Amino acid sequence: MKIATLFFLGMFTACSAFARESFLDNVKRMKWKIGSEEVDVVWVEDEKFPKFYASIYFQDGALSDPISGLTQTTFDLLTSGTSKHSQRDISEFFDFYGVNLKHSVTHEYSVFSVEALIRDMNPVMGKVCELFHDAQFPQDELSSHLNRAQSRLKNMVTNHGNLADRVFRKISLEDTHYSEPVEGTLEGYKKINQVSLKSRLSDLNQTRKVIYLSGPSEIKNLEGILSKNCQWSNQKKATQMTVNKPGHQSSIYLVEVPGANQAQIRIGRYMTYNEFDSKYDHFYFMSRFLGGGFTSKLVQELRVKRGLTYSANAYVSMQRDYGRAGVTTFSKNETASETISVIRDIITDVTQENFDDIEFNHQKNHVIGAYAFGFEETSAFLGQLMLYDHQNRDLEELVYFPKNIQKITKSEMSRMNMEAFPWDRLSIVVVGDKSLMKSLSRIRPVKLVRYRDYL
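FYI, numbering that gives the first Met the number 0 numbers position 348 of the sequence shown as 347, with every residue one higher than the one before it.
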């Protein structure tokens, strides 16, 4: 990728001015006329291979779902059939051109991505526009998809990790607009039909879009292709959502799975925009120090020193209007309560700066050294640009990330840890056997919940 050498060579040397210049030179912002609308375009020039990568960002996601899971299902079935072509026809078309299609949906935004050879851009993107204009969501394909989705949810009890993630989301975010799973619920699947899918697709076609591109200079011809074939507008724009800080948490939620031989543990909370604004890099480093690899604090204390688990992870992830901070791990039934107690002690120790300079500086070097590998693929780089734009962040933060991490002090990191993980505001969810109630009740009162209520 053309930008890789210039960007990262400059980023990891003292030539910060060169890094800034080369980085900004390779990210070009344009406005294209598509139909009667102007659409923002971000292009990263890449002459390495004769292919292009296009990601269409829709400023609309699952928050707008009138039926749970509707946006996700709309994108899942976008290639299921049009008024002229069956799902098989569409599949064979994209297979013939070697096209790679992907999509993802969050609560705040959605993305549809296309990767193909630059010489095939005209027919490929013309077909993509046809899908957005004329997707019919045939009843046979819709019924089959919904049956599979329902079966996956009903069988989730066999995957305790996924079940824990789902229940934890609904419990820890229950006082916000973000608690409903993007993928939908059993109740929602009963209500989704062709009419609702076409209506949702129509809304997406009218919502604000940004097109993120990488490829050679010929990719500029895409403007004419989209203008001719895509009936998009930017009439609808997202409104900013606000959430209040989570309240005091006094219980452990035990999701009963009879006969489970281990306990899945989730601890964390949601965060407000005001809490993480201008502190993105600090929170990221703190989460890596706490649970970002084998040398992290959680893994060393839980696995290496005590043998309580095989893995543990911590995260602080931010969207535009809200974020989440959490710890995920698992343990044997006999040691589940001990594991939670040790996590509490680790969080307290980090808050009180009970860690030495050696491990602190080691994690700094690890985070800085690993940073560049997140940009090896052009698609990953475009994803970072998209996320920063969505969060209304300055792209220069990408360039100065290593310097920002290097400047973090122990006291700053401890303060970030205290802000992200105040123990009395953290929700705790455990998926396991009912026999865990006695040991868990020594930490907090236990509420027994049914997993079926969260499907």
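We treat Cβ as the ideally placed atom computed from N, Cα and C, and that holds for glycine.
Note that the structure is predicted; figures quoted are calculated from it, not measured.
{"Item": "Can you tell me whether Ala455 is helix, strand or coil according to DSSP?", "Value": "Limits of the chain in this structure are 0 at one end and 454 at the other, which puts residue 455 out of reach."}
{"Item": "On the DSSP bridge assignment, give the partners of Trp42 in chain order.", "Value": "Lys27, Leu212"}
{"Item": "Between Tyr269 and Ala324, is the Cβ-Cβ spacing less than 9 Å?", "Value": "yes"}
{"Item": "What's the call for Arg54, buried or exposed, on a 16-neighbour Cβ count within 10 Å?", "Value": "Looking at the sequence itself, residue 54 is Ser, so the reference to Arg does not match. Ser54 should be labelled buried."}
{"Item": "Helix, strand or coil for Glu20, going by three-state DSSP, please let me know.", "Value": "Note on Glu20: pLDDT 46, under 50, position unreliable in the model; no value is reported."}
{"Item": "Rounding to the nearest angstrom, what Cα-Cα distance links Lys465 and Ser410 in this structure?", "Value": "In the structure as shown, the chain begins at 0 and stops at 454. Residue 465 is therefore absent and cannot be evaluated."}
{"Item": "Considering Cα atoms alone, identify which of Asn416, Leu253, Asp39, Lys189 is closest to Ser67.", "Value": "Lys189"}
{"Item": "To the nearest whole angstrom, what separates the beta carbons of Phe74 and Ser109, a pair I think is in contact under 8 Å?", "Value": "7 Å"}
{"Item": "According to DSSP, simplified to helix, strand and coil, what is Leu394?", "Value": "coil"}
{"Item": "What would DSSP say about Ile224, mapped onto helix, strand or coil?", "Value": "helix"}
{"Item": "Give the straight-line distance between the Cα atoms of Val43 and Gly34, rounded to the nearest whole angstrom.", "Value": "24 Å"}
{"Item": "Helix, strand or coil: how does DSSP classify Gln261 here?", "Value": "strand"}
{"Item": "Quick check: the Cα distance between Phe239 and Asp320, rounded to an integer number of angstroms?", "Value": "First, the amino acid is wrong: residue 239 is Gln here, not Phe. The alpha-carbon atoms of Gln239 and Asp320 are separated by roughly 7 Å."}
{"Item": "Can you have a look at Ser249 and say buried or exposed, based on whether 16 or more other CB atoms are within 10 angstroms of its CB?", "Value": "exposed"}
{"Item": "For Ser316, which residues from the same chain have a beta carbon less than 7 Å from its beta carbon, with the 5 sequence-adjacent residues on both sides left out?", "Value": "Gly322, Arg323"}
{"Item": "Quick one: what's Thr271 bridged to in DSSP?", "Value": "Tyr321"}
{"Item": "Might you give, ordered along the chain, the residues of its own chain that have their beta carbon closer than 8 Å to the beta carbon of Val256, omitting 5 neighbours on each side?", "Value": "Val156, His159, Leu162, Val430, Gly431, Asp432, Tyr450"}
{"Item": "Output yes or no for whether 9 Å exceeds the beta carbon distance between Gln318 and Glu107.", "Value": "yes"}
{"Item": "Out of Thr241, Tyr283, Glu300, point me to the one whose CA is closest to Asn273's CA.", "Value": "Thr241"}
{"Item": "Cα-Cα, which of Ser330, Phe275, Tyr387, Leu454 is closest to Glu418?", "Value": "Phe275"}
{"Item": "Where are the alpha helix (DSSP H) runs, 4 residues long or more, that stay fully inside the stretch 371-447, in chain order?", "Value": "377-389, 395-398, 400-406, 409-419, 436-439"}
{"Item": "Which residue from Ser79, Glu337, His281 puts its Cα closest to that of Tyr306?", "Value": "The residue asked about is misnamed: residue 306 is Gly in this sequence, not Tyr. Of Ser79, Glu337, His281, the residue nearest in Cα terms is Glu337."}
{"Item": "Assuming Lys535 is part of the beta strand (DSSP E), what are its boundary residues?", "Value": "Because residue 535 is not part of the residues shown, which for the chain are 0 to 454, the question remains open."}
{"Item": "Quickly, what does DSSP pair Thr327 with across the bridge? List them, please.", "Value": "Arg265, Asn312"}
{"Item": "Assuming Ile251 is part of the beta strand (DSSP E), what are its boundary residues?", "Value": "251-255"}
{"Item": "Are the CB atoms of Tyr252 and Lys446 nearer to each other than 9 Å?", "Value": "yes"}
{"Item": "Determine the direct distance from the alpha carbon of Asn25 to that of Ile218, and round the result to whole angstroms.", "Value": "14 Å"}
{"Item": "Could you check whether the stretch 128-146 touches the stretch 83-102, counting it as contact only if at least three pairs of C-beta atoms, one from each stretch, sit closer than 8 Å?", "Value": "yes"}
{"Item": "Just how far apart, CA to CA, sit Arg168 and Gln71?", "Value": "17 Å"}
{"Item": "On a CA-only basis, which of Lys47, Arg441, His389 is nearest Lys236? Give me that one, please.", "Value": "His389"}
{"Item": "Whether or not the stretch 138-145 and the stretch 89-100 are in contact is what I'm after, with contact meaning three or more pairs of Cβ atoms, one per stretch, closer than 8 Å; do they touch?", "Value": "no"}
{"Item": "Is the beta carbon of Ile210 sitting closer than 9 Å to the one on Val41?", "Value": "yes"}
{"Item": "Within this structure, are the beta carbons of Asn121 and Ile224 separated by less than 9 Å?", "Value": "yes"}
{"Item": "Out of Tyr314, Lys437, Val254, Phe293, point me to the one whose CA is closest to His281's CA.", "Value": "Tyr314"}
{"Item": "May I ask which residues mark the beginning and end of the alpha helix (DSSP H) holding Leu130?", "Value": "120-133"}
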